[in-house]
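In UniProt numbering, the protein residues as written are 1 to 261. Below is one structure; the comments refer to it alone.
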């Protein structure tokens, strides 16, 4: 949500086997629906975030095997990371290439994203790269990509709190490390040398039901999360005081956002 522009932005996955995803926007009252990224320009968009400082949209394209960025009106579309060619069946079906969650750390000049890996496979990873593409390089061959975490159960959505210097993420993999909400100090990621030895991170909450969406309420010091079991949760920032605020058994929830207006 961009409160200053009075608009909501969201992704439409479309049919995962088809190149028919899109990004749309409307006013906070639901009127003036616009297609920001049209069908065919993105395959299966997942998490979307707004870089409020630079007025940019960042989003991951799962079966499109890429991380993308554009202006709030959809102009200047860029592919920042390309993990394969979605037109090649073997590549687009390779879960290890699937980009899902995304967040931006303007303070340190990075964007982070998740590649969830196989379902419950323990092959999930979190990567990062510089906000500016290295000179002379492309999304397919950029040399600044770093593996932050590897061997995670199945990481999904991300959010960075630049004020506190922390990154949060959901994981829908198997317990005890999966179906969790997690956090790490960005300072612990300052010098990444060996991704096989993950930086220390904290499991804040467990026992979610296929955890997906994540949003921080910095004003009230809360974490909101969704899962495929039909629940929306609220936690304190340390994971305590877990509360189900929505419980609908025949629904599955994915993305979530909030705004103070």
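Ideal placement from N, C-alpha and C gives every residue a C-beta, glycine not left out.
Per DSSP, what are the beta-bridge partners of residue 57 in this structure? Translated into positions along the chain shown, residue 57 becomes position 57. DSSP output for residue 57 lists 50, 70 as bridge partner(s).
Between which two residues does the beta strand (DSSP E) holding residue 180 run? Position 180 of the chain shown, counting from 1, holds the residue named residue 180. Secondary structure note for residue 180: its beta strand (DSSP E) is the uninterrupted segment 180 to 185.
Give the secondary structure of residue 97 by DSSP, where H, G and I count as helix, E and B as strand, and everything else as coil. Residue 97 sits at position 97 when you count from the first residue of the chain shown. For residue 97, the three-state secondary structure derived from DSSP is helix.
Using DSSP's beta-bridge definition, name the partner residues of residue 169. Sequence index remark: in the chain shown, residue 169 carries index 169 (1-based). Beta-bridge pairing links residue 169 to 158, 182.
Among the candidates 140, 151, 107, 132, whose CA atom is the shortest distance from the CA of residue 116? Reading the chain shown from its first residue, position 116 is the one you call residue 116. In terms of CA proximity to residue 116, 151 leads the group 140, 151, 107, 132.
Check whether the region 119 to 139 touches the region 169 to 178, counting contact only when three or more Cβ pairs, one atom from each stretch, lie closer than 8 Å. Touching, per the Cβ criterion.
Option in 252, 244, 98 with minimal Cα separation from residue 235: Sequence index remark: in the chain shown, residue 235 carries index 235 (1-based). Minimum Cα distance to residue 235 is reached at 244.
Would you mind sorting residue 240 into buried or exposed? The rule is 16 or more other CB atoms within 10 Å of its CB. For the purposes of this step, residue 240 is taken as residue 240 along the chain shown, with counting starting at 1. Exposed, since its Cβ has fewer than 16 Cβ neighbours within 10 Å.
Just the C-alpha distance for residue 202 and residue 78, rounded to the nearest angstrom, thanks. Position 202 of the chain shown, counting from 1, holds the residue named residue 202. Position 78 of the chain shown, counting from 1, holds the residue named residue 78. Straight-line measurement puts the Cα of residue 78 at about 33 Å from the Cα of residue 202.
Residue 189 - DSSP class collapsed to helix/strand/coil: In the chain shown, residue 189 corresponds to position 189, counting from 1. Correct three-state label for residue 189: helix.
Residue(s) in a DSSP beta bridge with residue 233: Translated into positions along the chain shown, residue 233 becomes position 233. When DSSP reads this structure, residue 233 sits in a beta bridge with 225, 244.
For residue 211 and residue 247, I'd like the C-alpha separation in whole angstroms. Locating residue 211 in the chain shown gives position 211, where the first residue counts as 1. Locating residue 247 in the chain shown gives position 247, where the first residue counts as 1. Whole-angstrom Cα-Cα distance: 14 Å.
Proximal residues to residue 189 (C-beta, below 7 Å), its chain only, five neighbours per side dropped: Start at 1 with the first residue of the chain shown, and residue 189 comes out as number 189. Cβ neighbours of residue 189 beyond the five flanking positions: 148, 199.
Per DSSP, residue 124 is paired with what? For this step, residue 124 is matched to residue 124 along the chain shown. Under DSSP, residue 124 forms a beta bridge with 152.
Looking at the strands, I want to know which residues DSSP matches up with residue 33. On the chain shown, residue 33 is found 33 positions in, with the first residue counted as 1. Note: residue 33 sits in no beta bridge, so no partner.
Which word fits residue 176, buried or exposed, when buried means at least 16 other C-beta atoms lie within 10 angstroms of its C-beta? Position 176 of the chain shown, counted from the first residue, corresponds to residue 176. Answer is exposed; the Cβ neighbour count stays below 16.
Close beta carbons around residue 76, own chain, < 7 Å, minus the five adjacent residues each side: Residue 76 sits at position 76 when you count from the first residue of the chain shown. Here the set comprises 70.
What did DSSP end up calling residue 78 once you bin it into helix, strand or coil? For the purposes of this step, residue 78 is taken as the residue at position 78 of the chain shown. Strand at residue 78.
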